[in-house]
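Letter by letter, the sequence shown follows residues 24 to 162 in my numbering.
In this text, a Cβ means the ideal position worked out from N, Cα and C, and glycines have one as well.
Each remark here refers to the structure printed beneath this line.
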Amino acid sequence: MDKVVTEIIIGAVILALLISIIPIYRSSAALVSAAGQTIDANENIKEVTFGRIPGKGDVVYGGYLLDFVRYSTEKYETKINVEFSDEMYVIHKDSNLNSLKKIENDMLFEVKHSVLDGNRLELYFAFCDEESLSGEEVV
Numbered sequence: 024m025d026k027v028v029t030e031i032i033i034g035a036v037i038l039a040l041l042i043s044i045i046p047i048y049r050s051s052a053a054l055v056s057a058a059g060q061t062i063d064a065n066e067n068i069k070e071v072t073f074g075r076i077p078g079k080g081d082v083v084y085g086g087y088l089l090d091f092v093r094y095s096t097e098k099y100e101t102k103i104n105v106e107f108s109d110e111m112y113v114i115h116k117d118s119n120l121n122s123l124k125k126i127e128n129d130m131l132f133e134v135k136h137s138v139l140d141g142n143r144l145e146l147y148f149a150f151c152d153e154e155s156l157s158g159e160e161v162v
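As structure tokens, then:
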């Protein structure tokens with residue numbers, strides 16, 4: 024008799040666990056699927072935002088420059104020069120981007136050189152102040 028009661032209790036516990044775990048698993052699977060779709064949508068937005076390579080004479084903000092450098096080093100074989108009045112940074116595909124911490128979001132940079140040849144991208148950004156810009160459109 025004790026054996027039958029024990030088996031009924033164990034069966035009830037297992038059934039209760041199954042009833043509670045299956046809905047949790049389904050909701051977790053739905054969350055993972057939704058996260059994957061969100062990541063895909065974000066990649067599409069990034070492609071639209073950075074799909075156009077800045078051309079010679081364009082002026083960009085520092086925040087855009089930082090995001091563009093991160094994006095382009097993943098997508099292209101890059102050589103990006105960022106010039107300040109006292110120093111220059113050269114960024115390649117495997118460069119450490121910590122050196123770009125000097126760039127602030129509201130800084131302005133003018134594109135002096137821009138070449139996209141297949142998968143090879145060369146850009147040259149020069150720091151500029153707002154007084155030197157005369158009616159230039161900022162990207």
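Buried versus exposed, by CB contacts within 10 Å (16 or more), residue i
| i | result |
| --- | --- |
| Ile-45 | exposed |
| Val-92 | buried |
| Thr-29 | exposed |
| Leu-120 | exposed |
| Leu-139 | exposed |
| Leu-41 | exposed |
| Gly-78 | exposed |
| Gly-85 | buried |
Alpha carbon of residue i to alpha carbon of residue j, nearest angstrom
| i | j | result |
| --- | --- | --- |
| Asp-90 | Leu-54 | 28 Å |
| Gly-141 | Ala-39 | 60 Å |
| Met-111 | Asn-104 | 7 Å |
| Glu-100 | Ile-126 | 22 Å |
| His-136 | Thr-96 | 17 Å |
| Ala-35 | Asp-25 | 15 Å |
| Ile-114 | Tyr-87 | 16 Å |
Residues near residue i by beta carbon distance below 6 Å, same chain, minus five either side
| i | result |
| --- | --- |
| Glu-106 | Ala-149 |
DSSP state of residue i mapped onto helix, strand, coil
| i | result |
| --- | --- |
| Glu-100 | strand |
| Arg-93 | helix |
| Asp-140 | strand |
| Ile-42 | helix |
| Ser-122 | helix |
Paired residues, beta bridge with residue i - DSSP
| i | result |
| --- | --- |
| Ala-149 | Glu-106, Glu-133 |
| Val-113 | Asn-104 |
| Tyr-84 | Leu-131 |
Test: residue i CB closer than 8 Å to a CB of chain B
| i | result |
| --- | --- |
| Lys-124 | Of the chains in the structure shown, none is chain B; there is only one protein chain. |
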